[in-house]
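So for the sequence shown, the numbering used here puts the first residue at 4; every next one is plus one. Virtual Cβ for every residue (Gly too), placed ideally from N, Cα, C. For clarity, every value in this text was computed on a predicted model and none was experimentally measured. Structure record follows, encoded as structure tokens.
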Amino acid sequence: MPESVPHDYSILRDAVVFLVASILVVPLVRRLGIDAVIGYLIAGLVIGPYGFGLVSEVEGTHRLAELGIVFMLFAIGLELSFDRLRTMALYVFGLGVAQVAITGAVIGAGSLAFGGTIGQAAIIGGALALSSTAFVLRLLSERGELSSHLGRVVLSVLLLQDLALVPGLAVVTALGQQPEELAWTLAEAGLKATVALVILLAAGRLLLRPLYRVIAGTGNAELFIAATLLVVLGTAWGTALAGLPMALGAFLAGLMLAGTEYRHQIEADIRPVRGVLLGLFFISIGMLVDVGVVLPQLHWILLVAVALMAVKALLILGLCRA
Numbered sequence: 004m005p006e007s008v009p010h011d012y013s014i015l016r017d018a019v020v021f022l023v024a025s026i027l028v029v030p031l032v033r034r035l036g037i038d039a040v041i042g043y044l045i046a047g048l049v050i051g052p053y054g055f056g057l058v059s060e061v062e063g064t065h066r067l068a069e070l071g072i073v074f075m076l077f078a079i080g081l082e083l084s085f086d087r088l089r090t091m092a093l094y095v096f097g098l099g100v101a102q103v104a105i106t107g108a109v110i111g112a113g114s115l116a117f118g119g120t121i122g123q124a125a126i127i128g129g130a131l132a133l134s135s136t137a138f139v140l141r142l143l144s145e146r147g148e149l150s151s152h153l154g155r156v157v158l159s160v161l162l163l164q165d166l167a168l169v170p171g172l173a174v175v176t177a178l179g180q181q182p183e184e185l186a187w188t189l190a191e192a193g194l195k196a197t198v199a200l201v202i203l204l205a206a207g208r209l210l211l212r213p214l215y216r217v218i219a220g221t222g223n224a225e226l227f228i229a230a231t232l233l234v235v236l237g238t239a240w241g242t243a244l245a246g247l248p249m250a251l252g253a254f255l256a257g258l259m260l261a262g263t264e265y266r267h268q269i270e271a272d273i274r275p276v277r278g279v280l281l282g283l284f285f286i287s288i289g290m291l292v293d294v295g296v297v298l299p300q301l302h303w304i305l306l307v308a309v310a311l312m313a314v315k316a317l318l319i320l321g322l323c324r325a
């Protein structure tokens with residue numbers, strides 16, 4: 004008789020906990036008129052380490068949940084095309100750059116006014132100038148505004164913010180260096196990102212359509228889905244290796260497939276995966292909230308959050324009217 008091998012069912016248990024929490028909490032908050040995103044966050048708070056501690060692999064769960072954003076950006080890329088993206092260039096490199104630069108400068112100046120150092124001001128200003136792609140796109144999707152003019156403008160700014168992460172992270176890691184060293188660090192990061200994007204776009208143009216043509220010819224639906232997963236995860240991995248956001252690579256892959264005859268089938272195949280992983284992402288964010296730290300400082304958190312949203316809203320309103 005072979006010896007019995009103990010099995011670790013922690014992953015299966017965590018999956019069951021996620022599903023139960025989602026099924027119980029999200030419908031309840033929706034009946035109360037609250038957005039589903041808030042429901043996922045509450046579910047994560049309840050089952051996380053600062054709640055009832057029902058989930059064991061918090062870090063691993065969060066890494067997996069990031070794929071929800073990857074699949075969402077891939078789906079958005081499928082709905083666009085390079086021609087439509089060119090019409091958004093003014094918003095990406097005009098409004099997007101202005102929003103990140105001016106908002107970061109204003110918030111950084113506020114940090115200096117409260118006694119922060121230049122390094123702290125750069126980090127705080129840069130971080131708070133950005134927005135959550137997942138939150139914003141989820142809200143636009145639920146309201147059916149992703150394809151509207153407003154949705155395209157918002158998407159343009161979010162894309163620029165994702166691109167701004169590359170020089171932003173380079174600046175953070177290079178704080179304390181001499182100006183010449185900082186310039187070299189930024190140039191190196193920019194060159195690496197540019198080369199990675201050129202390789203990705205060239206490979207996509209040459210390989211994606213022939214790949215799907217061959218797979219579609221087999222008539223195997225499972226193989227078609229596997230190819231789509233390979234494209235999404237492969238491009239995400241490639242851009243991550245280059246120091247770019249994973250979701251950016253998936254977005255470009257979606258753009259390259261948007262003009263093919265396989266677009267609608269691909270979109271139908273990934274829709275269930277995208278929804279589940281995106282819900283998991285918001286749950287994993289809720290799991291990071293430490294109620295013991297948040298509650299004593301709740302009044303300050305709310306005050307700063309409201310002030311931050313007001314400042315960013317006024318700045319963006321001014322930029323849109325300029």
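- Please determine if the segment 149 to 158 and the segment 87 to 95 are in contact, where contact requires at least 3 C-beta pairs separated by less than 8 Å. yes
- Put LEU318 into one of helix, strand or coil per three-state DSSP. helix
- Item | Cβ shell of GLY119 (< 8 Å), same chain only, five flanking positions each side left out | ILE127
- Item | Inter-residue spacing [alpha-carbon to alpha-carbon] between ILE72 and VAL20 | 21 Å
- If I'm right that LEU76 touches ALA196 with Cβ under 8 Å, what's the distance once you round it to whole angstroms? In fact, because the Cβ distance is near 17 Å, the residues do not count as touching under 8 Å.
- Kindly indicate which residue of PHE284, LEU81 and GLU191 has the alpha-carbon position closest to the one of SER150. LEU81
- Among LEU320, VAL292, VAL297 and CYS323, the one whose alpha carbon lies nearest that of PRO52: VAL292
- Message: Which residue wins for smallest C-alpha separation from GLN268, given the options THR90, ILE218, ILE202 and LEU203?
- Response: ILE218
- Query: Looking at the structure shown, is ASP272 part of a helix, part of a strand, or coil, going by DSSP?
  - Reply: helix
- Message: Beta-carbon within less than 6 Å of ALA91's beta-carbon, same chain only, minus the 5 sequence neighbours each way: which residues are those?
- Response: Looking at the sequence itself, residue 91 is Met, so the reference to Ala does not match. Taken in chain order, the residues that qualify are ARG155 and SER159.
- Task: Would you tell me roughly how many angstroms separate the C-alpha atoms of ARG208 and GLY289, rounded to the nearest one?
- Result: 39 Å
- Query: Under a three-way DSSP split, which group does VAL100 fall into?
  - Reply: helix
- Item | Contact under 8 Å by Cβ, GLY113 with ALA125 | no
- C-beta atoms of ARG141 and VAL40 nearer than 8 Å: yes
- Close-in-space but distant-in-sequence residues of the same chain around ALA250 (CB under 6 Å, 5 per side omitted): ILE72, VAL73 and LEU76
- Message: Taking 8 Å as the threshold (C-beta atoms), are VAL297 and SER304 in contact?
- Response: Reading off the sequence shown, one finds Ile at residue 304, where the question assumed Ser. It is a contact, given that the beta carbons lie within the stated cut-off.
- Message: Tell me the rounded alpha-carbon separation between LEU233 and LEU22.
- Response: 25 Å
- Item | Cβ neighbours of THR238 in the same chain (closer than 7 Å, five flanking residues each side left out) | LEU203, GLY252, ALA253, LEU255 and ALA256
- Nearest to TYR215 (by Cα), restricted to the options ALA230, GLU148, ALA205 and THR136: ALA230
- Message: Going residue by residue through the segment 12 to 60, where are the continuous alpha helix (DSSP H) segments of at least 4 residues, counting only ones entirely within it?
- Response: 13 to 34 and 39 to 50
- Among ALA167, ALA245 and GLU148, nearest to GLN102 - alpha-carbon criterion: ALA167
- Message: With H, G and I counted as helix, E and B as strand and the rest as coil, what does DSSP make of MET290?
- Response: helix
- Message: Rounded to the nearest angstrom, what separates LEU210 and GLY193 at their Cα positions?
- Response: 26 Å
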